[in-house]
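Protein chains in written order, with the numbering used here: chain A, 1 to 112; chain B, 113 to 227.
No residue lacks a Cβ here, since even glycine has one placed at the ideal position from N, Cα and C.
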């Protein structure tokens, strides 16, 4: 069975600080991995995805994530947080089928 | 290009009542998904359509939930009768075709509150 675990339901950073949101996955087959962002009262927007090509994936809004098979991780980072980054972030896995299996989400707060 | 449209955006009903949600996918998208997102959790797939056929409904509580996509375009999701635990955001998504290479695009969701 496939699953993702997001460590930390809430993360707070100061504006300009490094953002690190953690995601670990479990999959019996080579996975596709995703990070989505959800702003209040909006749907999910794709930030970036890993599809077995380059292990370092760059996404929108300055975010990137690195696929580490040995650690079964796909952590999301951004060098410098902006106030507009405040949102909920979901990691998801697809393994073998179209079904997206989501983690429980991490709410990012950015303080001035 | 217009995105995935959903209506209503908000709905409040009492338990044991019925409710229906509507989704209009991106034009030309053959695959349509309904997800349930309970507060504090990630979205969970309820049902997946390819054109007007069901691909996966293994997580749909079929005793009270039903969904259809009669002409392979718009879709409706119905709950009858609703329970308190059905309070959630219902997200519709569409993709060009089957296969995980195709990105899923999400609508804004319908927030259901069951009192």
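Item	Value
Test: residue 72 (chain A) CB closer than 9 Å to a CB of chain B	no
CB contact check: residue 114 (chain B) to chain A, cutoff 9 Å	no
Cβ-based neighbour list, residue 183 (chain B), same chain, cut-off 7 Å, excluding 5 preceding and 5 following	164
Where residue 103 (chain A) meets chain B, residues with beta-carbon distance less than 8 Å	154
Residue-chain proximity (residue 90 (chain A), chain B), Cβ-Cβ < 9 Å	yes
Candidates B:195, B:188, B:145 and B:138: closest to residue 204 (chain B) by CA position	B:145
Distance CB(residue 135 (chain B))-CB(residue 211 (chain B)) smaller than 9 Å	no
Proximity winner among B:194, B:133 and B:161, relative to residue 175 (chain B) (alpha-carbon distances)	B:194
Nearest-angstrom Cβ-Cβ length linking residue 115 (chain A) and residue 154 (chain B), presumed shorter than 8 Å	Residue 115 (chain A) is absent from the structure shown; chain A starts at 1 and stops at 112.
Short CB-CB distance (under 9 Å) between residue 126 (chain B) and chain A	no
Continuous alpha helix (DSSP H) assignments of at least 4 residues falling wholly in the stretch 148–173 of chain B	none
Which listed residue (A:74, A:41 and A:86) has its alpha carbon closest to that of residue 61 (chain A)	A:86
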